[in-house]
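Numbering (the numbering used here), first residue to last: 4 to 239. For each residue, glycine too, the CB sits at the ideal point set by N, CA and C. Each remark here refers to the structure printed beneath this line.
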């Protein structure tokens, strides 16, 4: 599997990319898809903003086995309880949004089954398995607030998701354009220049979901102190 940003730069504009970009209107959106990475002795320490939560959860689940102790929340506009094959600790509701609070033991297969049925839900889950230690803040994402400010005023920091692993496939996905590094920071600026609405659609909700965004993603990387900037046009 690939993360959304990797797909965009690889010209693989699928339904997952489209779903991720639905929230953007015309305009410029700075400090999105934040990533920070450090190479340690025998593994990597990765921190990101909330956009990578589902990618991390799925990536770790696909490499895990046996019973997992999972804590966190699943956020959705739909009621997912009938499709959950594990214990739900609590259900919170707010303005049409439902949060399933989890503190349970379940298998990767059961959680992946739910993710396959409800890919648009937000999975803010923390758990460990073998070579993976994943921690994600148990709260809904806020698109207008990428992260807390750094002490030096360098903008938002990647502090929503944390993963420690030696799985090189995940590292190569996140840092697809960086063969080696000791320390790295990446942020993305998304500029939506136009929104194409398919003909025959009349309801505002369908327009929002089906419309395609056209624009540019600017990827700013600081690799061991050296800055690099790349851009990619997209329609998705």
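Practice item. May I ask you to verify whether the segment 168 to 185 touches the segment 222 to 236, counting CB pairs closer than 8 Å and requiring at least 3? Key: yes
Check your understanding: Around the Cβ of residue 3, are there at least 16 other Cβ atoms within 10 angstroms (buried) or fewer (exposed)?
Key -> Because the chain is modelled from 4 through 239, residue 3 falls outside the range shown and cannot be assessed.
**Study point:** residue 57 beta carbon less than 8 Å from that of residue 126
**Key:** Position 123 of the chain shown, counting from 1, holds the residue named residue 126. Position 54 of the chain shown, counting from 1, holds the residue named residue 57. Yes, the Cβ-Cβ distance between residue 126 and residue 57 is below 8 Å.
Review point. In the segment 27 to 86, which residue ranges form an unbroken beta strand (DSSP E) of at least 3 residues, counting only runs that do not cross its ends?
Key: 30 to 42, 47 to 51 and 71 to 79
Check your understanding: Between which two residues does the alpha helix (DSSP H) harbouring residue 179 extend?
Key -> Position 176 of the chain shown, counted from the first residue, corresponds to residue 179. Taken as a continuous stretch (DSSP letters only), residue 179 belongs to no alpha helix (DSSP H), as it is neither H nor E.
Review point. Rounded to a whole number of angstroms, what is the C-alpha to C-alpha distance between residue 215 and residue 174?
Key: On the chain shown, position 212 is the one that residue 215 refers to. On the chain shown, position 171 is the one that residue 174 refers to. Those two C-alpha atoms are separated by around 29 Å.
**Study point:** Length at least 4, wholly inside the segment 92 to 148: the alpha helix (DSSP H) runs in chain order
**Key:** 111 to 120
Review point. Who are the Cβ neighbours of residue 150 in its own chain at under 8 Å, not counting the five residues just before and after it?
Key: On the chain shown, residue 150 is found 147 positions in, with the first residue counted as 1. Here residue 150 scores only 49 on pLDDT, less than 50, and its place in the model should not be relied on; the value that follows carries that caveat. So the list reads 34, 37, 52, 159, 160, 161, 162 and 163, once near-sequence residues are dropped.
Check your understanding: Can you give the Cα-Cα distance for residue 66 and residue 197, rounded to whole angstroms?
Key -> Mapped onto the chain shown, residue 66 falls at position 63. Mapped onto the chain shown, residue 197 falls at position 194. For residue 66 and residue 197, the distance between alpha carbons rounds to 39 Å.
Exercise for review: Can you tell me which of 202, 94, 79 and 136 puts its alpha carbon nearest to the alpha carbon of residue 165?
Suggested key: Walking along the chain shown from the start, residue 165 turns up at place 162. The residue with the shortest Cα to Cα distance from residue 165 is 136.
Point to revise | Separation of residue 217 from residue 199, as counted between CA atoms | key: As a position in the chain shown, residue 199 is number 196, starting the count at 1. As a position in the chain shown, residue 217 is number 214, starting the count at 1. Going by the C-alpha atoms only, they are around 8 Å apart.
Check your understanding: Any contact of the segment 17 to 24 with the segment 96 to 112, i.e. 3+ C-beta pairs under 8 Å?
Key -> no
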